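Student: Have a look at this one.
Chains as they are written, first to last, in our numbering: chain Y, 1 to 114; chain L, 1 to 118.
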C-alpha cells in the first residue's frame, strides 16, 4: 500500500516558534501537497511540489514556506507560528498525469499554537 | 478558477436507509475529473468514488453511486444501505488534468458531515 506518513499526529507550539511539519511518502511519487483543513472551510491548498527543489504556491501560502530536498520528503515550515495557524494540516502525494488515481493522504497533524 | 460547493454542512440518516449528498461545481473546462472523499474520525482521507467528465455513465462502487449531470454541473453522491461506519466527513473535489509539467491540483468543497444513526 502507498503510505504517506506525517511525523506528528498532535503538536502544540508557542506563538513565535518556528515549526516544522514533516511528510514522507514511500511510493516514489513526484507530486506532493500541503493542505490546511478548518471547519466550515474545507481543505485549502498551501503549497505543492512537483519535483525535488521545486515548489509552487497554493491558495493560502502566506505565513508558510516549504522544503523538498529529497523526493520522498516534503516539509511545511511555519517561520513564526501564530494562533491563526492553529489547524489540521494534511499532506498528500500523487503520480503526475495519473489524475484517475486521485491523491493519497496522510493522517493529518493537528497543530495548536498557544 | 474552479469552485466546488457543498450546500449541506450536516446530514443524518438512519442505518440501512439511503442518503444523497449534494455537490455542484463551476468550471469552463470540458475535460475534468470529480471525486468524493470520505474522512472518518480517524482523519484518514479515503477515496470513495471518481468520475471522468467525458463518461456519461455514472460511476458506482458497491453501495456508493453518483448522479453526474454535466450540463447542470452537479455531482451528487448516493449511499445505499447506510452503515454506522459511513459516519464521516464527505468532501467533493474537482481536478483538471494537465498535459505538461506541473501537477494536477484537487479543489475541494467545504464538506458535509454525515451521521448514520442506529
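Note that CB positions come from ideal geometry on N, CA and C, so glycine has one too. What you are looking at is a predicted structure, and each value in this text was computed from that prediction instead of being measured.
Quick check on residue 57 of chain L: does DSSP put it in helix, strand or coil?
Tutor: The count along the second chain starts at 1 and reaches residue 57 of chain L at position 57. Coil, per DSSP.
Student: At what residues does the beta strand (DSSP E) containing residue 60 of chain Y begin and finish?
Tutor: If you number the first chain from 1, residue 60 of chain Y lands on position 60. Element bounds for residue 60 of chain Y: n/a, residue is neither H nor E.
Student: So which residues of chain L does residue 74 of chain Y contact, with C-beta pairs closer than 9 angstroms?
Tutor: Sequence index remark: in the first chain, residue 74 of chain Y carries index 74 (1-based). None at all; the shortest Cβ gap to chain L is about 12 angstroms.
Student: So, with DSSP's three-state summary, where would you put residue 41 of chain Y?
Tutor: On the first chain, residue 41 of chain Y is found 41 positions in, with the first residue counted as 1. The answer is coil: DSSP assigns residue 41 of chain Y none of H, G, I, E or B.
Student: Since residue 111 of chain Y is in the beta strand (DSSP E), which residue starts that stretch and which ends it?
Tutor: Residue 111 of chain Y sits at position 111 when you count from the first residue of the first chain. Residue 111 of chain Y -> beta strand (DSSP E) spans 109-113.
Student: So what's residue 26 of chain L in DSSP terms, helix, strand or just coil?
Tutor: Within the second chain, numbered from 1, the residue matching residue 26 of chain L stands at position 26. Under the three-state reduction of DSSP output, residue 26 of chain L falls in the strand class.
Student: Output, in chain order, the set of chain Y residues within a Cβ distance shorter than 8 angstroms of residue 91 of chain L.
Tutor: Position 91 of the second chain holds residue 91 of chain L. The contacting residues are 42, 43.
Student: Decide if the region 3-19 of chain L is in contact with the region 7-23 of chain Y; the criterion is three or more beta carbon pairs, one per stretch, under 8 angstroms apart.
Tutor: no
Student: When you check each C-beta in the region 36-65 of chain L against every C-beta of chain Y, which residues fall closer than 9 angstroms?
Tutor: 37, 39, 42, 43, 44, 45, 46, 47, 50, 52
Student: Going by Cα to Cα distance, which pick from Y:78, Y:92, Y:64 is closest to residue 14 of chain Y?
Tutor: Taking the first residue of the first chain as 1, we reach residue 14 of chain Y at position 14. Out of Y:78, Y:92, Y:64, Y:78 has the C-alpha closest to the C-alpha of residue 14 of chain Y.
Student: Can you find at least 3 beta carbon pairs, one from the region 80-90 of chain Y and one from the region 69-78 of chain L, that sit closer than 8 angstroms?
Tutor: Touching, no.
Student: The region 80-93 of chain Y: which residues have C-beta closer than 8 angstroms to a C-beta of chain L, in chain order?
Tutor: 88, 90, 92
Student: In this structure, how does DSSP classify residue 31 of chain Y when only helix, strand and coil are distinguished?
Tutor: By 1-based counting over the first chain, the position of residue 31 of chain Y is 31. Of the three classes helix, strand and coil, the one that applies to residue 31 of chain Y here is strand, per DSSP.
Student: Consult DSSP for residue 67 of chain L and reduce its assignment to one of helix, strand or coil.
Tutor: Locating residue 67 of chain L in the second chain gives position 67, counting from the first residue. Strand at residue 67 of chain L.
Student: Quick check: the region 94-114 of chain Y against the region 54-71 of chain Y, are at least 3 beta-carbon pairs closer than 8 angstroms?
Tutor: no
Student: Within 10 angstroms of the Cβ of residue 84 of chain L, are there 16 or more other Cβ atoms? Answer buried if so, exposed if not.
Tutor: Here the question's residue 84 of chain L lines up with position 84 in the second chain. Counting Cβ neighbours within 10 Å, residue 84 of chain L comes out exposed, since fewer than 16 surround it.
Student: According to DSSP, is residue 5 of chain L helix, strand or coil?
Tutor: Taking the second chain and counting its residues from 1, the one referred to as residue 5 of chain L is at position 5. Here residue 5 of chain L sits in strand by DSSP.
Student: Taking the straight line between their C-alpha atoms, what separation do you get for residue 53 of chain Y and residue 109 of chain L?
Tutor: On the first chain, residue 53 of chain Y is found 53 positions in, with the first residue counted as 1. On the second chain, residue 109 of chain L is found 109 positions in, with the first residue counted as 1. So the alpha carbons of these two residues sit roughly 29 angstroms apart.
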